[in-house]
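Going down the list, the sequences are from chains A and B.
When we follow the numbering used here, the leftmost residue of the first sequence carries the number 1, and every step to the right adds one.
When we follow the numbering used here, the leftmost residue of the second sequence carries the number 1, and every step to the right adds one.
Cβ coordinates follow ideal geometry from the N, Cα and C atoms, glycine included.
If you're wondering where the values come from, they're calculated on a predicted model, not measured in any experiment.
To start, the structure under review is shown below, and the notes come after it.
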Amino acid sequence: DGGITQSPKYLFRKEGQNVTLSCEQNLNHDAMYWYRQDPGQGLRLIYYSQIVNDFQKGDIAEGYSVSREKKESFPLTVTSAQKNPTAFYLCASTTWGWTEAFFGQGTRLTVV
Amino acid sequence: AQSVAQPEDQVNVAEGNPLTVKCTYSVSGNPYLFWYVQYPNRGLQFLLKYITGDNLVKGSYGFEAEFNKSQTSFHLKKPSALVSDSALYFCAVRDTSYNTDKLIFGTGTRLQVFP
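Encoded structure:
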């Protein structure tokens, strides 16, 4: 079955550590996105990529980094510079023409 | 800038009654509008979209939405609510301004259907 896989589902990070969240899709979609979800704030865009080896900052990119070396993969690194990283992170992908965006099941990151 | 607003944090409705979840938008040009649903600790599931054509859009699980250009609204509706419809609902608009191409989401509305 085609879809988007995010891993891990739950992730715990100590303060000062970098962590990487995985996002893989087998839908052959060109565009991929990372969103952060906090209670009462909806979803906010962190980074997105329209094509391999290219990506753009979203609204809240500070403290995050991404790469897009393969069409199928769009990992997100939460760096120690991100002051409040505890949140639910969602990855999405779309086709050209935006028939719809498909979402992964999310990763819940907690700083301990 | 493109934006969507969901004026209600929570909507409560009795099972079997009709439900409406409100969304208004602000876009330049023709809007691409979407509704998504989220169950606890899960990703978002697509319900329906409006790109062009009929103002009444039918989607998954018996949901529909009415696009109203004069009121810049895209309210989600269902004729008869089920307890299993209880979830968090997001309205979204596609933003292609300033050489971007992304979805902008509202803050979400929690729907609670009581038996």
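- When the alpha-carbon of residue 18 (chain A) is set against those of A:64, A:88, A:107, the nearest one is in A:64.
- With respect to the C-alpha of residue 24 (chain B), the residue from B:115, B:70, B:88 having the closest C-alpha is B:70.
- Runs of the beta strand (DSSP E) lying entirely within the segment 6-62 of chain A and spanning at least 3 residues, in chain order: 10-13, 19-25, 31-37, 43-51, 54-57.
- The beta-bridge partner set that DSSP reports for residue 11 (chain B) consists of B:111.
- At least 7 Å separates the beta-carbon of residue 104 (chain A) from that of residue 108 (chain B).
- Rounded to whole angstroms, the Cβ separation of residue 4 (chain B) and residue 83 (chain B) is 27 Å, and the two are not in contact under 8 Å.
- Residue 111 (chain B) and residue 27 (chain B) do not touch by the CB rule: their CB atoms are close to 25 Å apart, not below 8 Å.
- For secondary structure counted as the alpha helix (DSSP H) over 4 or more consecutive residues, the segment 28-62 of chain B holds no complete run.
- Residue burial is scored here from C-beta neighbours: residue 37 (chain B) has at least 16 other C-beta atoms within 10 angstroms and is therefore classed as buried.
- Closest in alpha carbon position to residue 87 (chain B), among B:51, B:17, B:45, B:75, is B:45.
- Using a 10 angstroms sphere on the CB of residue 65 (chain B), the tally of other CB atoms reaches 16 or more, which defines it as buried.
- In the structure shown, the three-state DSSP call for residue 83 (chain B) is helix.
- Rounded to the nearest angstrom, the gap between the Cα atoms of residue 59 (chain B) and residue 80 (chain B) is 14 Å.
- Taking a C-beta distance under 7 Å as the contact criterion, residue 89 (chain B) and residue 67 (chain B) do not qualify as a contact pair.
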